[in-house]
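Enquirer:
2 protein chains.
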Amino acid sequence: MTAGFKTLSAKAAAQLDQELMSTGAFSIDQLMEIAGLSVAKAIFKEYPPQATHQPPLQKVLVLVGPGNNGGDGLVAARHLKIWGAYDPVIYYPKKTESNKLYTNLIKQLKDLEAKEISTLDEIKQLLSKKGEVGVILDSIFGFSFKPPIRGVFKDVISYISQNHQELPPVVSVDIPSGWDVDDGPTDIDIKASTLISLSAPKPCAERFINSGPDKVHYLGGRFINPTIAKKFNIEDILEKYKGDELVTKL
Amino acid sequence: MTAGFKTLSAKAAAQLDQELMSTGAFSIDQLMEIAGLSVAKAIFKEYPPQATHQPPLQKVLVLVGPGNNGGDGLVAARHLKIWGAYDPVIYYPKKTESNKLYTNLIKQLKDLEAKEISTLDEIKQLLSKKGEVGVILDSIFGFSFKPPIRGVFKDVISYISQNHQELPPVVSVDIPSGWDVDDGPTDIDIKASTLISLSAPKPCAERFINSGPDKVHYLGGRFINPTIAKKFNIEDILEKYKGDELVTKL
Numbered sequence: 001m002t003a004g005f006k007t008l009s010a011k012a013a014a015q016l017d018q019e020l021m022s023t024g025a026f027s028i029d030q031l032m033e034i035a036g037l038s039v040a041k042a043i044f045k046e047y048p049p050q051a052t053h054q055p056p057l058q059k060v061l062v063l064v065g066p067g068n069n070g071g072d073g074l075v076a077a078r079h080l081k082i083w084g085a086y087d088p089v090i091y092y093p094k095k096t097e098s099n100k101l102y103t104n105l106i107k108q109l110k111d112l113e114a115k116e117i118s119t120l121d122e123i124k125q126l127l128s129k130k131g132e133v134g135v136i137l138d139s140i141f142g143f144s145f146k147p148p149i150r151g152v153f154k155d156v157i158s159y160i161s162q163n164h165q166e167l168p169p170v171v172s173v174d175i176p177s178g179w180d181v182d183d184g185p186t187d188i189d190i191k192a193s194t195l196i197s198l199s200a201p202k203p204c205a206e207r208f209i210n211s212g213p214d215k216v217h218y219l220g221g222r223f224i225n226p227t228i229a230k231k232f233n234i235e236d237i238l239e240k241y242k243g244d245e246l247v248t249k250l
Numbered sequence: 001m002t003a004g005f006k007t008l009s010a011k012a013a014a015q016l017d018q019e020l021m022s023t024g025a026f027s028i029d030q031l032m033e034i035a036g037l038s039v040a041k042a043i044f045k046e047y048p049p050q051a052t053h054q055p056p057l058q059k060v061l062v063l064v065g066p067g068n069n070g071g072d073g074l075v076a077a078r079h080l081k082i083w084g085a086y087d088p089v090i091y092y093p094k095k096t097e098s099n100k101l102y103t104n105l106i107k108q109l110k111d112l113e114a115k116e117i118s119t120l121d122e123i124k125q126l127l128s129k130k131g132e133v134g135v136i137l138d139s140i141f142g143f144s145f146k147p148p149i150r151g152v153f154k155d156v157i158s159y160i161s162q163n164h165q166e167l168p169p170v171v172s173v174d175i176p177s178g179w180d181v182d183d184g185p186t187d188i189d190i191k192a193s194t195l196i197s198l199s200a201p202k203p204c205a206e207r208f209i210n211s212g213p214d215k216v217h218y219l220g221g222r223f224i225n226p227t228i229a230k231k232f233n234i235e236d237i238l239e240k241y242k243g244d245e246l247v248t249k250l
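Chains as they are written, first to last, in UniProt numbering: chain L, 1 to 250; chain S, 1 to 250.
What follows is the structure, encoded as structure tokens:
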């Protein structure tokens, strides 16, 4: 089975982002806000919260990488919390302290009393409580990631991968962390149930939907104008959006 | 009849914005993106486009003031266009050329081939074509406006006010332009059909909904955390949001 849609290679995806922020005149704040919001919308749609506005909320464990993929996760976590949908627990071991955007995103979450954890042991402990975490949001690596995985994320991704059948569903932003954006799975990957492709699907999205019968695929980050869409040959996929939706199930 | 909700005075609204951007650590880009998006969502909900994705689209005439209220309108116009909902025509006579956020917002609209007009005559001509414009978006003045109206906007607001029965419905952002945020109508105002209160309603919102039987009132700009909500005594109104909606009809 083929996915039946055009995909953006790692190189093309990087060019598209670059174009949005140069000639497109978007700020990273704007793009990340729309992208992260669409991630939150997809989670809300696919995994509706069990008890909206009724404490205690189910938790979403947000695994945050060092780059923009992580930023999308932080924005998503904020919206889910403001909606009273999920209570985020943030794992963000490699902070970019020098970048105001990221320190601001963390401050916004702190003001919402989002909990932060910093070790794999804390992750294990949190996930050991049956039903406490509803969803794991994987915003560790994005389309610029190149295997192999190094450092702290290797152990976290391994743990979640090896135990995925007992764990809550994993939602990955743009690519399942550990995958090569063009070439797909590596020996360590996160076993996502749902993938949210931002802007347009990357090549690994096709492998993802073919990797099991129940794989769910959303498209988000609805900020591409027709000229850029044409240039990158992604017009067809953008036609999938209906009405005013910010995210669509493919 | 009372509105039955707490309102934010001009002074309190300015303090709230200030607090969001200082201790709240939000950038103006982020807040304006969420605010403008909620304006677009309210327009889509209240005035559903007649022919989504079928050219020629109906137009939305976007009247853009010199400040943040204008910026919210520009963001809303972009989303409406990207959704294929409405074709924006921008009237933005007092541009803040030195502010990169605003020049960027205009560039984003130009890339979407949004038309710009610059005179009252062009506005009259556009509105004379029956059915061409579906909605007028009034993002001229916000909560910091103090009457009387001066300059070019006086003539535009007068024209739309005097002819409002023959014109498309007007959607106002935060306050109907011409109104004093605390004291309500002045001798020149824009006769809005729908008001979208951002963050929380201002005192004039109560006058607005009592000014006619069919007045429609939305709440948007869903980015307030519980601590700030409590401090400004607007917790009750924020409870009106349901699920993951970015805008709610009050």
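By construction, the Cβ of each residue, glycine as well, lies at the ideal position given by its N, Cα and C atoms.
All values reported here derive from a predicted model rather than from experimental measurement.
Show which residues of chain S have a CB atom less than 8 Å away from the CB atom of L:Glu132.
Expert: Those do not exist, as L:Glu132 stays about 21 Å from chain S at its closest Cβ, beyond 8 Å.
Enquirer: Could you run through the segment 82-108 of chain L and flag, in chain order, every residue whose CB is less than 9 Å away from some CB of chain S?
Expert: Listed by position, the residues of the segment 82-108 of chain L near chain S (Cβ gap below 9 Å) are Ile82, Trp83, Gly84, Ala85, Lys100, Leu101, Thr103, Asn104, Leu105, Ile106, Lys107, Gln108.
Enquirer: Could you round the C-beta distance between L:Phe141 and L:Asn225 to whole angstroms and report it? I think they count as a contact, below 8 Å.
Expert: Not confirmed; about 27 Å, so no contact.
Enquirer: Could you tell me which residues DSSP pairs with L:Lys59 in its beta bridges?
Expert: Per DSSP, L:Asp87, L:Val133.
Enquirer: Give the C-beta separation of S:Val133 and S:Pro168 to the nearest angstrom, bearing in mind that I take them to be a contact with Cβ-Cβ under 8 Å.
Expert: Their Cβ separation, rounded to whole angstroms, is 5 Å, which keeps S:Val133 and S:Pro168 in contact under 8 Å.
Enquirer: Residues of chain L with CB under 8 Å from S:Asp17, in chain order?
Expert: Result: empty, since nearest Cβ-Cβ is about 15 Å, beyond 8 Å.
Enquirer: Comparing the C-beta of S:Asp244 with each C-beta of chain L, is any distance below 8 Å?
Expert: By this cut-off, S:Asp244 is an interface position.
Enquirer: On the criterion of 16 or more Cβ atoms from any shown chain inside 10 Å, does L:Glu166 qualify as buried, or is it exposed?
Expert: It is exposed - the Cβ of L:Glu166 has fewer than 16 other Cβ atoms within 10 Å.
Enquirer: How would you list, in chain order, the residues of chain L whose beta-carbon sits under 8 Å from the beta-carbon of S:Asp29?
Expert: Those are Ser27, Asp29, Gln30, Glu33, listed as they occur along chain L.
Enquirer: In chain S, which residues lie less than 9 Å from L:Gly4 when you measure between Cβ atoms?
Expert: Per Cβ cutoff of 9 Å: no residues; L:Gly4 is ~20 Å from chain S at best.
Enquirer: Can you tell me whether L:Leu61 sits near the ligand COA, meaning its C-beta is under 7 Å from at least one heavy atom of the ligand?
Expert: Looking for the ligand COA in the displayed structure turns up nothing, as the structure carries no ligands at all.
Enquirer: Just to confirm the assignment: which complete alpha helix (DSSP H) runs, minimum length 4, are found wholly within the segment 195-221 of chain S?
Expert: DSSP runs (the alpha helix (DSSP H)) wholly in the segment 195-221 of chain S: 203-209.
Enquirer: By DSSP, does S:Ser139 sit in helix, in strand, or in coil?
Expert: Note: S:Ser139 maps to strand in three-state DSSP.
Enquirer: Please confirm whether S:Lys81 and S:Ala35 have their CB atoms less than 8 Å apart.
Expert: The answer is no: Cβ separation not under 8 Å.
Enquirer: Please specify which runs of the alpha helix (DSSP H), each continuous and at least 4 residues long, are wholly inside the segment 5-81 of chain L, giving them in chain order.
Expert: With a minimum length of 4 residues, the continuous alpha helix (DSSP H) runs that stay inside the segment 5-81 of chain L are 10-21, 28-46.
Enquirer: Specify the secondary structure class of S:Glu239 as computed by DSSP and reduced to three states.
Expert: Of the three classes helix, strand and coil, the one that applies to S:Glu239 here is coil, per DSSP.
Enquirer: Determine the DSSP secondary structure at L:Val170, reduced to helix, strand or coil.
Expert: Looking at L:Val170 - three-state DSSP - the assignment turns out to be strand.
Enquirer: Check the Cβ of S:Asp111 against every Cβ in chain L and list those closer than 7 Å, keeping chain order.
Expert: Near S:Asp111 (Cβ distances below 7 Å), the residues of chain L are Gly24, Asn225, Thr227.
Enquirer: Between which two residues does the beta strand (DSSP E) holding L:Ile117 run?
Expert: First-last of the beta strand (DSSP E) with L:Ile117: 115-117.
Enquirer: Out of S:Gly24, S:Gly84, S:Ser161, which has the shortest C-alpha to C-alpha gap to L:Gly243?
Expert: It is S:Gly84 whose Cα lies nearest to the Cα of L:Gly243.
Enquirer: Straight-line CA distance for residue 286 of chain S to S:Pro66?
Expert: The displayed coordinates of chain S run from 1 to 250. Any statement about residue 286 of chain S would go beyond what the structure contains.
Enquirer: Could you tell me how far apart the beta carbons of S:Gly221 and S:Leu198 are, in whole angstroms, since I believe they sit closer than 8 Å?
Expert: That pair is a contact at about 4 Å.
Enquirer: Measure the C-alpha to C-alpha separation of L:Gln108 and L:Asp155 and round it to an integer number of angstroms.
Expert: One C-alpha to the other measures close to 28 Å.
Enquirer: Under 8 Å between the Cβ atoms of S:Ile157 and S:Gly178?
Expert: It is a contact, given that the beta carbons lie within the stated cut-off.
Enquirer: Thinking S:Asp174 and S:Lys202 are a contact (beta carbons under 8 Å), I'd like their distance in whole angstroms, please.
Expert: With 8 Å as the limit, S:Asp174 and S:Lys202 qualify as a contact, their Cβ atoms being about 7 Å apart.
Enquirer: Tell me the DSSP secondary structure of S:Lys181 in three-state form.
Expert: First, the amino acid is wrong: residue 181 of chain S is Val here, not Lys. Of the three classes helix, strand and coil, the one that applies to S:Val181 here is coil, per DSSP.
Enquirer: Just to confirm my understanding: we take L:Asp29, look at its own chain, exclude 5 residues before and 5 after, and list those with CB closer than 8 Å. What are they?
Expert: Around L:Asp29: Leu101.
Enquirer: Give the straight-line distance between the Cα atoms of L:Asn163 and L:Pro176, rounded to the nearest whole angstrom.
Expert: One C-alpha to the other measures close to 16 Å.
Enquirer: In the DSSP assignment, the beta strand (DSSP E) including L:Thr248 goes from what residue to what residue?
Expert: L:Thr248 -> beta strand (DSSP E) spans 247-249.
Enquirer: Just confirm the distance between the C-beta atoms of S:Thr186 and S:Tyr218, as a whole number of angstroms; I'd bet it's less than 8 Å.
Expert: Rounded, the Cβ-Cβ distance is 23 Å, inconsistent with contact.
Enquirer: Report the three-state DSSP secondary structure of S:Ile157 (helix, strand or coil).
Expert: Three-state result, S:Ile157: helix.
Enquirer: Going by beta carbon distance, what residues of the same chain come within less than 7 Å of L:Tyr241, once the five residues before and after it are set aside?
Expert: Excluding sequence neighbours, L:Tyr241 sits near Arg222, Thr248.
Enquirer: Less than 8 Å between the beta carbons of S:Asp111 and S:Ile190, yes or no?
Expert: Taking 8 Å as the Cβ cut-off, S:Asp111 and S:Ile190 do not qualify as a contacting pair.
Enquirer: Closer than 9 Å, Cβ to Cβ, to anything on chain L: give me those residues from the segment 198-215 of chain S, in chain order.
Expert: Those would be none; no residue qualifies.
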